[in-house]
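Each remark here refers to the structure printed beneath this line.
Residue numbers (UniProt numbering): 1 to 394.
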């Protein structure tokens, strides 16, 4: 893409890179499958949530955080959430001790600054976005103010600082921790502070990517400084495929389609993981894996390899009882080399309306329906037509 991301690349260099990895077709869907281990068909979280919507993470759906708490973990979520904006949907009502971040995609956050945004205060009260939220498991909620275009330039620095502080406190307390940091980059609507503009020599969007890579580097540096690298799993990915609105293809190649379509470009995402001494450095997986596989995998790493079976029968975690079917698989034996076989062979493709659009099994894929967006303009030169046009002018 014309720029370098050495910190992100180092995760793959020191661990495993995935070449056949799946997120979902939109941000809410991708985040929900990761944190719940369930398909969007079960959670209903297939569509991007807008301010004031009833859409959000439900109490009956267990999260990674809720299931790690009985193992003594401190849990913190920082950055973009996008799993519902009502209090009942906040991460701190779903197993996280702390949350600091925003609740929507960035274009929804900046809508109140548009000149044509309704001036009626009642409209803003009912449909406007909440600010950047700090919340805690004890029920305390603080609105730190709106995520304006100006604040978007530095909000990732705010949430990163909170995540690093959380890690410091967890290690000082001699507690294992689960940190889920979600940068607002690289959303296609983004704003870069002046000091970082021009660093890539390409575009402000590429400048934002370099900034994001530096933020990942700060997280990796903190893990190293705390002396916990050998006992920490670091996983990096993104929620969904890109919009095709940056030249030449937003990084979609070699896949067809873009975000919110039923094609591979909507679902395929980069992914890499490292765990020194457990996952072989420099290894590459060409097998299918999905976001939803991390819940049972992380729980297995924490000492509970049968959490999927427990949840199906009914499982008590803290003061909650869960009875759900996990669609994710435990990949721990595969990642650590104990098994040569990957546990996943299938992918179900659901649209943002919850329709089953396609099914993949190993290297075969059947498409049941198509959901497409037109994307950007396609410009090409046809010499024959050009000659005919010039001839008509003479």
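Cβ atoms here follow ideal geometry from the backbone N, Cα and C, with glycine treated the same way.
Asked	Found
Identity of the residue in 180, 275 and 189 nearest residue 224 by Cα	275
Under the three-state DSSP convention, the category residue 297 falls into	helix
Minimum C-alpha distance to residue 270 - residue among 325, 2 and 24	24
Any non-hydrogen atom of the ligand SAH closer than 8 angstroms to residue 243 Cβ	Ligands in the displayed structure: none, and consequently the ligand SAH is not present.
Span separating the alpha-carbon of residue 296 from that of residue 57	19 angstroms
Check whether residue 272 and residue 64 have beta carbons under 9 angstroms apart	no
Buried/exposed call for residue 152, threshold 16 Cβ in 10 Å	buried
Terminal residues of the beta strand (DSSP E) in which residue 142 lies	141–143
Cβ-Cβ distance between residue 49 and residue 85 below 9 angstroms	yes
Range covered by the alpha helix (DSSP H) that runs through residue 437	It is not possible to answer for residue 437, since the shown part of the chain is limited to 1 through 394.
Complete alpha helix (DSSP H) runs within the stretch 150–177 (minimum length 4 residues, chain order)	155–172
Selected residue, minimal CA-CA separation from residue 283, among 7, 329, 16 and 2	16
Residue 40, DSSP secondary structure in three states	helix
Residue nearest to residue 71 in terms of C-alpha spacing, selected from 206, 268 and 177	177
Secondary structure of residue 77, DSSP reduced to three states	strand
Whole-Å CB distance - residue 26 paired with residue 352, under 8 angstroms assumed	5 angstroms
Beta-carbon proximity of residue 106 to residue 187, cut-off 9 angstroms	yes
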